[in-house]
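S.K.: Residue numbers (UniProt numbering), protein chains in the order written: chain S, 1 to 121; chain Z, 1 to 121.
Ideal placement from N, C-alpha and C gives every residue a C-beta, glycine not left out.
In this text, all values refer to a predicted model and were calculated from it rather than measured experimentally.
One structure, pasted below without further comment.
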DNA sequence: CTGCATCCAATCTGATACTG
DNA sequence: CAGTATCAGATTGGATGCAG
């Protein structure tokens with residue numbers, strides 16, 4: 001194993017503490033919709049409507065909420081163009097791209113194994 | 001970037017489809033408590049009470065629910081010893097250890113960055 | 001000790017309707 | 001197109017109480 005839990009403890013001794021920064025960020029990026037939105041943005045810039053369609057099943061409310069959270073975290077950037085009709089584009093920031101470099105391998109592993117794992121609804 | 005979204009689409013063209021296996025597994029392992037329980041087990045075998053204390057803030061209800069889900073997925077193993085008082089040990093399976101090899105780097109990255117990211121409660 | 005069952009409050013979600 | 005407002009339903013969380 002390349003990275004040990006011990007190393008994580010050294011970096012953030014409070015991964016297991018309720019309300020610590022690590023947990024907060026973890027909750028944002030590993031949330032049900034957070035992962036999928038980030039995944040969609042890994043391909044490149046996306047408009048609101050594109051994300052809505054691409055992330056199957058997400059409600060407008062959750063898309064808005066997820067995007068606002070990730071934007072506040074500095075992981076996603078929002079660019080609004082003063083046009084009619086309105087156009088708003090979302091993209092990963094440098095921090096976001098760095099994050100996805102670490103998340104993609106995990107998601108890919110899951111994608112490969114998922115079919116063999118699933119048994120409950 | 002080592003792994004591309006395109007590669008994930010090739011493996012599982014339905015990462016974005018509601019209810020697909022990849023999403024189901026992703027929800028289990030990346031859930032609020034799932035990540036923390038898996039993290040605790042990365043150190044090695046843990047008893048029920050140890051997990052309860054180590055994963056700060058988790059309720060018995062959620063711990064039981066999380067463990068049952070991960071066990072059903074074949075990621076965590078449960079060993080019950082017929083003693084008095086009872087003793088039950090939880091550990092990562094081979095699949096689980098493989099999973100954590102991919103998840104630890106991500107968690108570590110978050111642990112390093114979290115303090116700089118957090119701004120909302 | 002290791003859980004499961006239940007009740008109740010707090011949150012989170014989602015569908016619908018509506019605004020700029 | 002890009003959201004916000006609202007309300008009802010689903011989930012989650014905590015506190016107990018109890019069983020193996």
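When we look at the beta-carbon of residue 20 of chain S and count the other beta-carbons within 10 Å, is it buried (16 or more) or exposed?
M.R.: Buried, since its Cβ has 16 or more Cβ neighbours within 10 Å.
S.K.: What residue range is occupied by the uninterrupted alpha helix (DSSP H) comprising residue 37 of chain S?
M.R.: Element bounds for residue 37 of chain S: 32 to 42.
S.K.: Using a Cβ-Cβ cutoff of less than 8 Å, which residues in the same chain neighbour residue 63 of chain S once the five nearest sequence positions on both sides are dropped?
M.R.: So the qualifying residues of the chain are 33, 37, 48, 51, 52 and 55.
S.K.: With residue 104 of chain S and residue 3 of chain Z assumed to form a contact (beta carbons below 8 Å), what rounded beta-carbon distance in angstroms separates them?
M.R.: Contact flag correct, Cβ pair sits at about 4 Å.
S.K.: Can you give me the C-alpha to C-alpha distance between residue 121 of chain Z and residue 115 of chain Z, rounded to a whole angstrom?
M.R.: With a pLDDT of 35 at residue 121 of chain Z, under the threshold of 50, the modelled position of this residue cannot be trusted; read the value that follows with caution. Roughly 12 Å between the two C-alpha positions.
S.K.: What is the C-beta distance between residue 73 of chain Z and residue 117 of chain S, in whole angstroms, given that I count them as a contact (C-beta under 8 Å)?
M.R.: Right, their Cβ atoms sit about 5 Å apart.
S.K.: May I ask you to report which of helix, strand or coil DSSP gives residue 65 of chain S?
M.R.: The answer is helix: DSSP assigns residue 65 of chain S an H, G or I state.
S.K.: Rounded C-beta distance between residue 29 of chain S and residue 99 of chain S? I'm assuming under 8 Å.
M.R.: The pair is a contact, with the Cβ atoms about 7 Å apart (cut-off 8 Å).
S.K.: Can you give the Cα-Cα distance for residue 42 of chain S and residue 102 of chain S, rounded to whole angstroms?
M.R.: Straight-line Cα distance between these residues: approximately 12 Å.
S.K.: Strictly below 8 Å CB to CB, what residues from chain Z border residue 96 of chain S?
M.R.: The premise fails here: residue 96 of chain S is roughly 11 Å from chain Z at the closest Cβ pair, so nothing lies under 8 Å.
S.K.: If you measure from the beta carbon of residue 76 of chain S to each beta carbon in chain Z, is any gap under 9 Å?
M.R.: No, no contact with chain Z.
S.K.: Let me know if residue 113 of chain S comes out buried or exposed under the rule of 16 or more other beta-carbons within 10 Å of its beta-carbon.
M.R.: Buried, since its Cβ has 16 or more Cβ neighbours within 10 Å.
S.K.: Please name the residue, chosen from S:109, S:86, S:76 and S:83, that lies closest to residue 45 of chain S on a Cα-to-Cα basis.
M.R.: Taking only the C-alpha atoms, the option nearest residue 45 of chain S is S:76.
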